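Engineer:
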Amino acid sequence: MTARRILALLLAVAVLVAPAFLTSGYVLFQLTSTAIYAIAILGLDIVTGYTGQVSLGHGAFYAIGAYATAILMANFDWPFWATLPVAGGASALVGFLIGFPALRLSGPYLALVTLALATAVPQILRAKALEAWTGGVQGIVVTPPSAPSFLPLSQDQYLYLCTIVVAFVLYLLADNMLRGRQRRAMIAIRDHALAAEAAGIDIARVKTRAFAVSAFFTGIAGALSAIVVQFVAPDSFSVTLSIALFVGLVVGGAASLPGTVIGALFVQFIPNIAEAANKSAPGVVYGALLVASLYLMPSGGAGALRHLLHRIRSHRPPTTETAKQGATIHVE
Amino acid sequence: MNGFLHQVFSGLATGGVYASLALSLVMVYRATHLLNFAQGEMATFSTYIALTLTQAHVPYWIAFAITVLLSFALGIALERLLLRRMTHHTALAAVGVTIGLLLIFNALSGWLFGYTVKEFPSPFEGGGNGAVLGGLMSAHELGMVGVTLAVLAVVYAFFRFTPLGLAMRAAAGNPESSRLVGIRVGWMLALGWGLAAALGAVGGIMVAPVVFLDPNMMSGVLLYAFAGALLGGVDNPAGAVVGGFAVGVIENLGGAYVVGTDLKLTMALVIIVAVLVLRPAGLFGRVVVARV
Numbered sequence: 001m002t003a004r005r006i007l008a009l010l011l012a013v014a015v016l017v018a019p020a021f022l023t024s025g026y027v028l029f030q031l032t033s034t035a036i037y038a039i040a041i042l043g044l045d046i047v048t049g050y051t052g053q054v055s056l057g058h059g060a061f062y063a064i065g066a067y068a069t070a071i072l073m074a075n076f077d078w079p080f081w082a083t084l085p086v087a088g089g090a091s092a093l094v095g096f097l098i099g100f101p102a103l104r105l106s107g108p109y110l111a112l113v114t115l116a117l118a119t120a121v122p123q124i125l126r127a128k129a130l131e132a133w134t135g136g137v138q139g140i141v142v143t144p145p146s147a148p149s150f151l152p153l154s155q156d157q158y159l160y161l162c163t164i165v166v167a168f169v170l171y172l173l174a175d176n177m178l179r180g181r182q183r184r185a186m187i188a189i190r191d192h193a194l195a196a197e198a199a200g201i202d203i204a205r206v207k208t209r210a211f212a213v214s215a216f217f218t219g220i221a222g223a224l225s226a227i228v229v230q231f232v233a234p235d236s237f238s239v240t241l242s243i244a245l246f247v248g249l250v251v252g253g254a255a256s257l258p259g260t261v262i263g264a265l266f267v268q269f270i271p272n273i274a275e276a277a278n279k280s281a282p283g284v285v286y287g288a289l290l291v292a293s294l295y296l297m298p299s300g301g302a303g304a305l306r307h308l309l310h311r312i313r314s315h316r317p318p319t320t321e322t323a324k325q326g327a328t329i330h331v332e
Numbered sequence: 001m002n003g004f005l006h007q008v009f010s011g012l013a014t015g016g017v018y019a020s021l022a023l024s025l026v027m028v029y030r031a032t033h034l035l036n037f038a039q040g041e042m043a044t045f046s047t048y049i050a051l052t053l054t055q056a057h058v059p060y061w062i063a064f065a066i067t068v069l070l071s072f073a074l075g076i077a078l079e080r081l082l083l084r085r086m087t088h089h090t091a092l093a094a095v096g097v098t099i100g101l102l103l104i105f106n107a108l109s110g111w112l113f114g115y116t117v118k119e120f121p122s123p124f125e126g127g128g129n130g131a132v133l134g135g136l137m138s139a140h141e142l143g144m145v146g147v148t149l150a151v152l153a154v155v156y157a158f159f160r161f162t163p164l165g166l167a168m169r170a171a172a173g174n175p176e177s178s179r180l181v182g183i184r185v186g187w188m189l190a191l192g193w194g195l196a197a198a199l200g201a202v203g204g205i206m207v208a209p210v211v212f213l214d215p216n217m218m219s220g221v222l223l224y225a226f227a228g229a230l231l232g233g234v235d236n237p238a239g240a241v242v243g244g245f246a247v248g249v250i251e252n253l254g255g256a257y258v259v260g261t262d263l264k265l266t267m268a269l270v271i272i273v274a275v276l277v278l279r280p281a282g283l284f285g286r287v288v289v290a291r292v
């Protein structure tokens, strides 16, 4: 690692940690929940952005993760960090079982199945038969962890920092996974399934795996949300949540890691701002921006930003180094 | 036994609505290979137009006709203005655009007509809640089935016996050759969207007296319609109709005897997954073999 990369990494860490000490209360809570949305959208991005299999039901995996953590913490007194892998695993398992039949086929079947799943999940959580576990309509109250006594942190700060650490680890994992062979296989399936198959890629396997990993990420996001919100109930996980994640992904920019963060900021802040104007406004803004993004900036906010940076850079007078490079190329 | 029959018949009544919505989904899917996730919300919006007209003392059937015509025009306008401009036809864009429409129509319904649940008049209940067929169906349910079947018959006759219907089928089946013989394929696709929107409007108007009207009225209905379309075969219009009726009956029987009413929507999921596992092409669909 070069000195420059280490510096960039330190800067990133500083920017991420700073809000814990610069903000507090509701603002810090909003930032925590932005980080959680970012993880959820990152999960969605793996299967929808990179592999091209549209899921409209990631809210369901979010819900499964949240309930897994809530049940383990409330009924079995597990520490919160130990519940995260279980929550992710439960989501991945359901994702695998639901996704497998749809992912064998090409076409919009996954969107259909996942939409049905997302619509059904609040009903299932409310069902009488599961009430002993899920608490039915009442939901489950979660006691959030306090910072260990040797750290001089408030609970809000602690939760924010824990979320950031988990998010950071998951982004590193995703970044690692979305490189090289795996990435090429996924993108090949998205862009030309037939050619991918001809090149020897086991389409059904890559798609199903991507879907399971994707559900794992979003499940962990749900688990974190249960801890931070301190409460889970069926109505928090309606189909609206799934659609919000989808809109966040498209508006932020599919198949882009920075895009997931832009999408999360969008999902966290825009509806609140829009709702101040009118109760219907969030729906109109979501719908209109979704359509507008698809037509006008198919690579989303991240793509637009990249384009902008590129233009700024190319307008800058060339430094000696690039000028020299240009000269060499010219000579060749 | 009588209770069982009652459940079957009232399942057939709601099944009729699923059938008309399933048919509109299949029509759009055949023509443009899009699953129109906004079909249900468009139908809800149309139903609000019908309600506004009847509240303005327009006679029921005239309001019905105006609504169907307006919905037809709306469907055509959407295809012409929005969908045909979709140049980069990725899977994400294909789903995203109709999800965007879903959000917009849902919000518009709430914005223009309010979020309170509204009653919707039925033309078939002249005096009281008259039960017919020996108490197996309410008058409205019978009327609903009648209207659905009549509309489906008209649609069938249109596609089977008119030159325009033939041209539309040709445009959906083989756009390139159709264009060569002089069919204006773009307009045929727009007509398909228009017809689908009109069919959806009929479904919405028919189901509204039963489930009551609010901006989210069709979100569940849409899932059953998808299940019906998938069960019948997603590229087979007749299959979609049969599938829609079947899903109505399955849903009602399951709700009454197996899972109870609070898990009814889960059955749509179960049907969809079961079809994909057991018979992905549906009961009457063709197995598509891609040419490489």
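Chains A and B supply the protein sequences, listed in that same order.
Per my numbering, the very first residue in the first sequence carries number 1; after that it's consecutive.
Per my numbering, the very first residue in the second sequence carries number 1; after that it's consecutive.
Quick reminder that beta carbons are idealized off the backbone N, C-alpha and C, glycines included.
All figures in this text were calculated on a predicted structure; none of them were measured in a lab.
Mind pulling the chain A residues with CB within less than 8 Å of B:Thr266?
Structural biologist: Counting from one through the second sequence, the residue named residue 266 of chain B turns up at place 266. Those within 8 Å of B:Thr266 in chain A are Ala120, Gln123, Ile124.
Engineer: For the 8 Å Cβ check, are there 3 or more pairs between the segment 226-235 of chain A and the segment 82-96 of chain B?
Structural biologist: Short answer: they don't touch.
Engineer: Just to confirm the assignment, what range does the alpha helix (DSSP H) spanning A:Met297 have?
Structural biologist: Sequence index remark: in the first sequence, residue 297 of chain A carries index 297 (1-based). Neither: A:Met297 is in no alpha helix (DSSP H) and is coded neither H nor E.
Engineer: Compare the C-alpha of B:Ala50 against each of B:Gly204, B:Ala139, B:Val117, B:Leu180 and name the closest.
Structural biologist: Start at 1 with the first residue of the second sequence, and residue 50 of chain B comes out as number 50. Considering only alpha carbons, the answer is B:Gly204.
Engineer: What separation, rounded to the nearest whole angstrom, lies between the Cα atoms of B:Pro59 and B:Thr52?
Structural biologist: Sequence index remark: in the second sequence, residue 59 of chain B carries index 59 (1-based). Sequence index remark: in the second sequence, residue 52 of chain B carries index 52 (1-based). When rounded, the distance between both Cα atoms is 12 Å.
Engineer: With a Cβ-Cβ cutoff of 8 Å, do A:Leu103 and A:Leu110 count as a contact?
Structural biologist: Position 103 of the first sequence, counted from the start, is the residue given in the question as residue 103 of chain A. Position 110 of the first sequence, counted from the start, is the residue given in the question as residue 110 of chain A. Yes.
Engineer: At what residues does the alpha helix (DSSP H) containing B:Glu119 begin and finish?
Structural biologist: Indexing the second sequence from 1 puts residue 119 of chain B at position 119. Looking at the DSSP string, B:Glu119 is not in any alpha helix (DSSP H), and its letter there is neither H nor E.
Engineer: Along the chain, where does the alpha helix (DSSP H) containing A:Thr134 start, and where does it finish?
Structural biologist: For the purposes of this step, residue 134 of chain A is taken as the residue at position 134 of the first sequence. 131-134 is the span of the alpha helix (DSSP H), which, as asked, contains A:Thr134.
Engineer: What three-state label does DSSP hand B:Gly127 in the structure shown?
Structural biologist: Counting from one through the second sequence, the residue named residue 127 of chain B turns up at place 127. No answer about B:Gly127 holds up, because its pLDDT of 47 lies below 50 and its placement is not dependable.
Engineer: Is it buried or exposed, B:Val297, if we count other Cβ atoms within 10 angstroms and call 16 or more buried?
Structural biologist: A query on residue 297 of chain B cannot be resolved here, the shown segment of chain B reaching from 1 to 292 and no further.
Engineer: Is there a Cβ of chain B sitting closer than 8 Å to that of A:Thr48, yes or no?
Structural biologist: Within the first sequence, residue 48 of chain A is the residue found at index 48, counting from 1. Yes, A:Thr48 counts as interfacial toward chain B.
Engineer: In chain A, what lies closer than 9 Å to B:Leu226 by C-beta?
Structural biologist: Numbered from 1 along the second sequence, position 226 holds the residue referred to as residue 226 of chain B. Just to set this straight, residue 226 of chain B is Phe in the shown sequence, not Leu. Within chain A, the residues near B:Phe226 are Leu112, Leu115, Ala116.
Engineer: If you draw a straight line from the C-alpha of A:Gln30 to the C-alpha of A:Gly222, how long is it?
Structural biologist: Walking along the first sequence from the start, residue 30 of chain A turns up at place 30. Walking along the first sequence from the start, residue 222 of chain A turns up at place 222. When rounded, the distance between both Cα atoms is 15 Å.
Engineer: May I have a chain-ordered list of the alpha helix (DSSP H) segments no shorter than 4 residues that lie completely inside the segment 92-134 of chain A?
Structural biologist: Here the runs fully enclosed are 109-126, 131-134.
Engineer: Taking CB distances under 8 Å as the criterion, tell me whether B:Ser219 reaches chain A.
Structural biologist: In the second sequence, counting from the first residue as 1, residue 219 of chain B sits at position 219. Yes, B:Ser219 lies at the interface with chain A (some Cβ there is under 8 Å from its Cβ).
Engineer: Tell me whether the beta-carbon of B:Gly248 lies closer than 8 Å to the beta-carbon of B:Gly15.
Structural biologist: Numbered from 1 along the second sequence, position 248 holds the residue referred to as residue 248 of chain B. Numbered from 1 along the second sequence, position 15 holds the residue referred to as residue 15 of chain B. Yes.
Engineer: If you draw a straight line from the alpha carbon of A:Leu194 to that of A:Thr51, how long is it in whole angstroms?
Structural biologist: Taking the first residue of the first sequence as position 1, residue 194 of chain A is located at position 194. Taking the first residue of the first sequence as position 1, residue 51 of chain A is located at position 51. Near 14 Å, if we compare the C-alpha coordinates of A:Thr51 and A:Leu194.
Engineer: Taking only beta carbons into account, state which residues of the segment 234-251 of chain A come closer than 8 Å to chain B, listed in chain order.
Structural biologist: Hits within the stretch, in order: Val239, Ile243, Phe246, Val247, Val250.
Engineer: Compile a chain-ordered list of the residues in the segment 66-86 of chain B whose CB is closer than 8 Å to at least one CB of chain A.
Structural biologist: Of all residues in the segment 66-86 of chain B, Leu82, Arg85, Met86 have a Cβ within less than 8 Å of some Cβ in chain A.
Engineer: Between B:Ser122 and the rest of its own chain, which residues show a CB-CB distance below 6 Å, the 5 nearest in sequence each way excluded?
Structural biologist: Translated into positions along the second sequence, residue 122 of chain B becomes position 122. Excluding positions up to five away in sequence, the list reads His140, Pro209.
Engineer: Using the C-alpha atoms, what's the distance from A:Thr48 back to A:Ala3?
Structural biologist: Translated into the one-based positions of the first sequence, residue 3 of chain A becomes position 3. Translated into the one-based positions of the first sequence, residue 48 of chain A becomes position 48. Each residue's Cα considered, the two are about 35 Å apart.
Engineer: Can you give me the Cβ contacts of A:His58 inside the same chain, cut-off strictly under 7 Å, excluding the 5 residues immediately before and after it?
Structural biologist: Numbered from 1 along the first sequence, position 58 holds the residue referred to as residue 58 of chain A. The answer, listed in chain order, is Ala40, Gly43, Leu44, Thr218, Ser242, Leu245.
Engineer: In whole angstroms, what separates the C-alpha of A:Leu361 from that of B:Gly100?
Structural biologist: A query on residue 361 of chain A cannot be resolved here, the shown segment of chain A reaching from 1 to 332 and no further.
Engineer: If you run the structure through DSSP and keep just helix, strand and coil, what is A:Gln325?
Structural biologist: Locating residue 325 of chain A in the first sequence gives position 325, counting from the first residue. The predicted position of A:Gln325 is uncertain, since its pLDDT is 45 and thus under 50; no value can be drawn from it.
Engineer: For chain B, is any of its Cβ atoms less than 8 Å away from the one on A:Asn278?
Structural biologist: In the first sequence, the residue the question calls residue 278 of chain A occupies position 278. At least one chain B Cβ lies under 8 Å of A:Asn278.
Engineer: When you compare the CB of A:Thr320 with every CB in chain B, is at least one pair closer than 8 Å?
Structural biologist: Here the question's residue 320 of chain A lines up with position 320 in the first sequence. Reliability fails at A:Thr320, whose pLDDT of 48 lies under 50, so the model's placement of it is uncertain and the value that follows must be treated cautiously. Not an interface residue.
Engineer: Give a yes or no on whether the C-beta atoms belonging to A:Ala167 and A:Ala38 are separated by under 8 Å.
Structural biologist: As a working mapping, residue 167 of chain A is identified with position 167 in the first sequence. As a working mapping, residue 38 of chain A is identified with position 38 in the first sequence. Yes, they are a contact pair.
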